[in-house]
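Working notes for the structure below.
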Amino acid sequence: MSTIELNKRQEQILEIVKENGPITGEQIAERLSLTRATLRPDLAILTMAGYLDARPRVGYFYTGKSGVQLLTESLKKLYVKDYQSIPVVVNENISVYDAIVTMFLEDVGTLFVVDQKNLLVGVLSRKDLLRASIGKQELTTLPVNIIMTRMPNITMCVKEDLLIDVASKLIDKQIDALPVVKETDKGFEVIGRVTKTNLTKALVALANNE
């Protein structure tokens, strides 16, 4: 759940629970001169957002968590598998020219390079392709395996990883995307990607409480 902007009545409920908790919904309603039914949506929102907790036959009590703490807890519940997107994969033998065309047609910033067995062997970034195009080499005959970042120097992730950990890797390595891989007996199979755009979408979903 995300942190939310509380309305005046919700703030009043929090203050009542802070000072008097545990307290029942009926008692809160009485203090505000409202019906229990009127308060039910506000109590549900505050409970789902993590500001309050409730126990049967005991009542509501304040969790003592700040908005930052609630946001941190929410971020630690977001996983790669829920936000990964489809990877753009190329064979290690294609030319740099074809890789440039693929990157622009697919509108991505990173290509994942695989061998004949469809196992990850390299990564191509826009910077890699830009450096190659600046030189005097013939791009139509230069294979991407000459300029790509090779294993084992590839930063990867798996679908069970937390998004917050992937975000840290992107920042530390100063890269735009990570391949999501599945380990096999022969190597790593690319099954997805996580980009800065994926992370942004996750934050927007979190902010919208989706």
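Note that this note's numbering has the sequence shown beginning at 332, numbered continuously upward. For every residue, glycine included, the Cβ atom is placed at its ideal position computed from N, Cα and C. On a predicted model such as this, the values are computed, not experimentally measured, just so you know.
Check: Distance CB(G453)-CB(V444) smaller than 8 Å; Outcome: yes
Check: C-beta neighbour in chain B for T486, strict 8 Å; Outcome: Among the chains in the structure shown there is no chain B, since it carries only a single protein chain.
Check: Buried versus exposed call for L383 [16 or more other C-beta atoms within 10 Å across all chains shown]; Outcome: buried
Check: Residue span of the beta strand (DSSP E) that contains I359, given as start and end; Outcome: Note, I359: premise wrong, no beta strand (DSSP E); alpha helix (DSSP H) at 356-362.
Check: C-beta contact flag for G352 and G381 at 8 Å; Outcome: no
Check: Helix, strand or coil at P510 [DSSP, three-state]; Outcome: strand
Check: The region 360-379 touching the region 410-427, judged by at least three CB pairs closer than 8 Å; Outcome: no
Check: Which of helix, strand or coil DSSP assigns to A385; Outcome: strand
Check: 8 Å contact criterion, which V427 and L470 should meet: CB distance rounded; Outcome: 5 Å
Check: Complete beta strand (DSSP E) runs within the region 433-507 (minimum length 3 residues, chain order); Outcome: 441-445, 451-456
Check: C-beta atoms of V512 and I522 nearer than 8 Å; Outcome: yes
Check: With 16 other Cβ atoms within 10 Å as the buried cut-off, status of Q341; Outcome: buried
Check: Buried or exposed by the 16-neighbour rule on C-beta atoms within 10 Å, applied to T334; Outcome: With a pLDDT of 48 at T334, under the threshold of 50, the predicted position of this residue should be treated as unreliable, and no value is reported.
Check: Cβ-Cβ separation, K527 to D507 (assumed contact under 8 Å), whole Å; Outcome: 6 Å
Check: Simplified DSSP assignment, three categories, for N422; Outcome: strand
Check: For N338 and V348, the rounded distance between their alpha carbons; Outcome: 16 Å
Check: CA nearest to the CA of E514, picked from R367, E361, L451; Outcome: L451
Check: Per DSSP, cross-strand counterpart(s) of E520; Outcome: L450, K513
Check: Neighbourhood of R481 by C-beta distance below 6 Å, restricted to the same chain and skipping five residues each side; Outcome: G453
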